[in-house]
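There are 2 protein chains.
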Amino acid sequence: MDLDLSTGVGELTARLVDVPSVSGDEAPLADAIESVLGSLPHLTLHRDGNAIVARTELGRTQRVVLAGHIDTVPIADNVPSTISGGVLYGCGSADMKAGVAVQLKLAASVSEPVMDVTYVFYDCEEIVSDRNGLGRLSRQSPDRLASDFAILLEPTDGVVEGGCQGTMRAEVTVRGERAHSARSWLGRNAIHDAGDVLEVLRGYQPRQPVVDSLTYREGLNAVAIGGGVAGNVIPDECLVTVNFRFAPDLSADAAADHLRDVFGRWDVTIVDEAGGARPGLQHPAAASFVAAMGGTPRAKLGWTDVARFDALGIPAVNFGPGDPMLAHTRGEHVWISDIEACEAKMAAWLSG
Amino acid sequence: MDLDLSTGVGELTARLVDVPSVSGDEAPLADAIESVLGSLPHLTLHRDGNAIVARTELGRTQRVVLAGHIDTVPIADNVPSTISGGVLYGCGSADMKAGVAVQLKLAASVSEPVMDVTYVFYDCEEIVSDRNGLGRLSRQSPDRLASDFAILLEPTDGVVEGGCQGTMRAEVTVRGERAHSARSWLGRNAIHDAGDVLEVLRGYQPRQPVVDSLTYREGLNAVAIGGGVAGNVIPDECLVTVNFRFAPDLSADAAADHLRDVFGRWDVTIVDEAGGARPGLQHPAAASFVAAMGGTPRAKLGWTDVARFDALGIPAVNFGPGDPMLAHTRGEHVWISDIEACEAKMAAWLSG
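If you're matching them up, the sequences are chains A and B in order. Take the first sequence: its letters are residues 1196 to 1547, numbered as in this note's numbering. Take the second sequence: its letters are residues 1196 to 1547, numbered as in this note's numbering.
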């Protein structure tokens, strides 16, 4: 299949939606992107699996990355796309084929940007982290992502969302002693004692720190609880799984130390962790980007792939067309005028 | 296989252990019991599945039931039985083939008891309640169990344990509102709110009421807790399963009302219930039994099948050889001298 980059960005988005690319099955779409970008003389291409990196090599003093994932969650009777009243409906329309369409349009139309640009199209963002195409590139060929600043074109409703918070899950284990429930005083009820863990959570005062001028908002919450041996047994163990969302001024190691401190009375096991990303808005490229996009940037509270840039020492923001609340919904859609506005502002910024 | 009721009660217990009778597979043992009791002219027999009811019909003014289950938990490399130093080892030795051996010996040897006696041998006590043979008899032919007083020969270490406490399980459901855990303040965490349920449990003051001169000890405990949607979601439901052990001065209905009152702020669903049994120690037959057995009777805190007699209006106690703490253990055993003492005291009591 062929993509035509001379069509409008709305029509291009529709075309991208019509090429199914559920995580793991991105090859046809990656082929089409490789083919159409390969015909552009001002770009050099590299393909890694179903990820494609296209670069201008103009010798500019600064380089910016524009990145987007090309996969979607499973289709929910919403492919092919439909357009009605200026709104494009379909799987991945907002998350994030509109952003990918903007990337492709910019790659084709802005042949002499004021900064060198690296366009990254990657696979497997919607599934388990260790298959993530951007993660793979950052581990295996971080030089291909080298840049001064990165923009992830995930849907942000056209507002710059800086950096992202880290996330960590930990298991807090409360231990007791089993007994027959008809003689409960012979044991120690671990579920009852888990009340102390819940008290700690309920009394926890999350920080709202300002990082690089953006205000983050942390949170510490139980996301699971489990305990019980049998209907007639005083349980000897209760496990509370907590999720800590931490601002990007805290490293993952520091976040783990904090959890061990908060739950110092119990066994704490860190189950998974992903550090956050500072927004880096003080960087000249970032500052000019924010100014060009307009509006007041806000902190990104959820974890996103911008953290993978942060891990490489590259400040990064989230910015793209579409409402993030519509992602993964059957009725996912995006206003074509929003995609057009995003393309226009970014083209103007890249053109200087 | 044949049973010889002229052997000593220890040897008879060993013989019973050597006839495997895991719940559901009691037929060979039931056949043997039916056969040996059928040869005794002073007893009239009735068989219902693998339950056997044998009665004296002497026209006495009082009738007592001696009941025991003939099934065991699954064998754990502990059949056939072994005897060492006066101790009999084997599956079901304490729970409760020693008690069954006492029943059989009494049935054979006390042909003219001062009270009429109904010997009940029943199946499927160690599994789900609705298969219980005593329950089946009490539903289908309660007249066969009619009596003034009942003794369940479960192991009680040779001490009369009066009646039993009731047991009830209820699910207390705490509801909240889902949200993404990066924006937890948009939701309401049901696990955190379940802390209030645990506070109620921890602050609960159980009663220790005196019923028919015995002191019971109630208990209200969480036996299970569960909640959680996903690692990044504020959970909207947490379910706490509580087990209420209540003294026999409280009906099951009154116990349910009490739980609904204690957990009035939440949804309460009664999952299962089994009323307790009053000890009825003021009844003449019970009083004479306690006096004859000696020792100080105590309240039975765990639920037992005596409650099935209570439901028929028959006061009942637990009394039998063996340590109840050894039941269901691989090393289950019973002192032969304890079985002999039990037989001797009960024979003397029945003989007046």
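Using N, Cα and C, we set each Cβ at its ideal position, and we do this for glycine too.
Point to revise | Burial state of residue 1511 of chain B, where buried means 16 or more other Cβ atoms lie within 10 Å | key: With 16 or more other CB atoms across the displayed protein chains lying within 10 angstroms of its CB, residue 1511 of chain B is buried.
**Study point:** Nonlocal neighbours in the same chain, by C-beta distance under 6 Å from residue 1307 of chain A, ignoring five residues either side
**Key:** Around residue 1307 of chain A: no qualifying Cβ.
Review point. What is the DSSP secondary structure of residue 1535 of chain A, counted as helix, strand or coil?
Key: DSSP places residue 1535 of chain A in helix when its eight states are reduced to three.
**Study point:** Complete beta strand (DSSP E) runs within the region 1402-1429 of chain A (minimum length 3 residues, chain order)
**Key:** Look at the region 1402-1429 of chain A and you find these whole runs of beta strand (DSSP E), each 3 residues long or longer: 1414-1423.
Check your understanding: Which residues of chain A have a Cβ atom closer than 7 Å to the Cβ of residue 1364 of chain B, listed in chain order?
Key -> What residue 1364 of chain B touches in chain A: 1426.
**Study point:** Neighbour flag for residue 1534 of chain B against chain A, beta carbons, 8 Å
**Key:** Closer than 8 Å: no.
Exercise for review: Assess, as a yes-or-no matter, whether the region 1439-1449 of chain B is touched by the region 1402-1417 of chain B under the definition of 3 or more beta carbon pairs within less than 8 Å.
Suggested key: Here the region 1402-1417 of chain B makes contact with the region 1439-1449 of chain B; the two share three or more CB pairs at distances below 8 Å.
Exercise for review: Pick out the complete beta strand (DSSP E) segments inside the region 1490-1527 of chain B, 3 residues or longer, and give them in chain order.
Suggested key: Segments of the beta strand (DSSP E) lying fully in the region 1490-1527 of chain B: 1511-1513.
**Study point:** Closest by C-alpha distance to residue 1476 of chain B, when choosing among B:1356, B:1196, B:1234
**Key:** Looking from the CA of residue 1476 of chain B, the closest CA among B:1356, B:1196, B:1234 belongs to B:1356.
Check your understanding: Going by DSSP, what residues sit across from residue 1332 of chain B in a beta bridge?
Key -> By DSSP's assignment, residue 1332 of chain B forms no beta bridge with any residue.
Exercise for review: Name, please, each residue of chain B whose Cβ falls closer than 8 Å to the Cβ of residue 1418 of chain A.
Suggested key: 1376, 1386, 1423, 1424, 1425, 1426, 1427, 1428, 1429, 1430, listed in chain order.
Point to revise | Sequence ranges, alpha helix (DSSP H) only - wholly within the region 1303-1364 of chain B, length at least 4 | key: Counting whole runs of 4 or more residues, the region 1303-1364 of chain B contains the alpha helix (DSSP H) stretches 1328-1335.
**Study point:** Minimum Cβ-Cβ distance from residue 1468 of chain B to chain A less than 8 Å
**Key:** Answer no: the Cβ-Cβ gap between residue 1468 of chain B and chain A never drops below 8 Å.
Practice item. Give the C-beta separation of residue 1313 of chain B and residue 1260 of chain B to the nearest angstrom, bearing in mind that I take them to be a contact with Cβ-Cβ under 8 Å. Key: Approximately 5 Å separates the beta-carbon atoms of residue 1313 of chain B and residue 1260 of chain B; this is inside 8 Å, confirming the contact.
**Study point:** Sequence-distant residues of its chain with Cβ nearer than 6 Å to residue 1458 of chain A (five each side left out)
**Key:** Closer than 6 Å at Cβ, skipping near neighbours: 1367.
Point to revise | Assigned exposure category for residue 1372 of chain B - 16 Cβ within 10 Å defines buried | key: Looking at its Cβ environment, which holds fewer than 16 other Cβ atoms inside 10 Å, residue 1372 of chain B is exposed.
Review point. Of the residues B:1293, B:1212, B:1257, which one's Cα is nearest the Cα of residue 1518 of chain B?
Key: Residue 1518 of chain B has its Cα closest to that of B:1293, out of B:1293, B:1212, B:1257.
Review point. When you compare each of A:1535, A:1501, A:1465 to residue 1329 of chain A by their alpha carbons, which one comes out closest?
Key: Nearest neighbour of residue 1329 of chain A by Cα position, chosen from A:1535, A:1501, A:1465, turns out to be A:1501.
Review point. Among residues of its own chain, excluding the 5 on either side of residue 1204 of chain A, which ones have a beta-carbon nearer than 7 Å to its beta-carbon?
Key: Closer than 7 Å at Cβ, skipping near neighbours: 1296, 1297, 1300, 1534, 1535, 1538.
Check your understanding: In the structure shown, what three-state DSSP assignment does residue 1279 of chain B receive?
Key -> In the structure shown, residue 1279 of chain B sits in a strand (DSSP, three-state: E or B).
Review point. Can you check whether the CB of residue 1463 of chain A is closer than 8 Å to the CB of residue 1436 of chain A?
Key: No; because the gap between Cβ atoms is not below 8 Å, this pair is not in contact.
Point to revise | Between the CA atoms of residue 1521 of chain B and residue 1289 of chain B - distance to the nearest angstrom | key: Answer to the nearest angstrom: the Cα atoms are 7 Å apart.
Check your understanding: Since residue 1267 of chain A and residue 1321 of chain A are thought to touch, with beta carbons under 8 Å apart, how far apart are those beta carbons, to the nearest angstrom?
Key -> A Cβ-Cβ distance of about 7 Å is found for the pair residue 1267 of chain A and residue 1321 of chain A, placing them in contact under the 8 Å criterion.
Review point. Taking all protein chains shown into account, do 16 or more other C-beta atoms lie within 10 angstroms of the C-beta of residue 1350 of chain A, making it buried, or fewer, making it exposed?
Key: Label assigned to residue 1350 of chain A: buried.
Review point. If the cut is a Cβ gap below 7 Å, which residues of chain B does residue 1396 of chain A touch?
Key: What residue 1396 of chain A touches in chain B, judged by beta-carbon distance under 7 Å, is 1387, going in chain order.
Check your understanding: For residue 1196 of chain A, is the classification buried or exposed, using 16 other Cβ atoms within 10 angstroms of its Cβ as the cut-off for buried?
Key -> Taking every protein chain shown into account, the CB of residue 1196 of chain A has fewer than 16 other CB atoms within 10 angstroms, so this residue is exposed.
Practice item. Determine the DSSP secondary structure at residue 1251 of chain B, reduced to helix, strand or coil. Key: Collapsing the DSSP output to three states places residue 1251 of chain B in coil.
Check your understanding: So which residues of chain B does residue 1379 of chain A contact, with C-beta pairs closer than 7 Å?
Key -> Result: 1414, 1416.
Point to revise | Rounded distance between the beta-carbons of residue 1386 of chain A and residue 1422 of chain B, thought under 8 Å | key: Separation of the CB atoms of residue 1422 of chain B and residue 1386 of chain A is rounded to 12 Å, and the pair is thereby denied contact status at 8 Å.
Check your understanding: Which class does residue 1295 of chain A belong to by DSSP, given the choice of helix, strand or coil?
Key -> Residue state, collapsed to three classes: helix.
Review point. Between which two residues does the alpha helix (DSSP H) harbouring residue 1458 of chain A extend?
Key: Residue 1458 of chain A -> no alpha helix (DSSP H), and no H or E assigned at all.
Check your understanding: When the distance is taken between beta carbons, is residue 1275 of chain A closer than 8 Å to residue 1212 of chain A?
Key -> Taking 8 Å as the cut-off, the beta carbon of residue 1212 of chain A is found closer than this to the beta carbon of residue 1275 of chain A.
Exercise for review: Have a look at A:1360, A:1471, A:1454 and flag the residue whose alpha-carbon is nearest the alpha-carbon of residue 1465 of chain A.
Suggested key: For the residues A:1360, A:1471, A:1454, the minimum Cα distance to residue 1465 of chain A belongs to A:1454.
Check your understanding: Quick one: any contact between the region 1386-1397 of chain A and the region 1389-1396 of chain B, if contact means 3 or more CB pairs under 8 Å?
Key -> In this structure the region 1386-1397 of chain A touches the region 1389-1396 of chain B; the number of beta carbon pairs closer than 8 Å is three or more.
Review point. From the DSSP output, which residues share a beta bridge with residue 1243 of chain B?
Key: Beta-bridge pairing links residue 1243 of chain B to B:1246.
Check your understanding: Would a check of beta-carbon distances place residue 1245 of chain B closer than 8 Å to chain A?
Key -> Not a single C-beta of chain A is nearer than 8 Å to the C-beta of residue 1245 of chain B.
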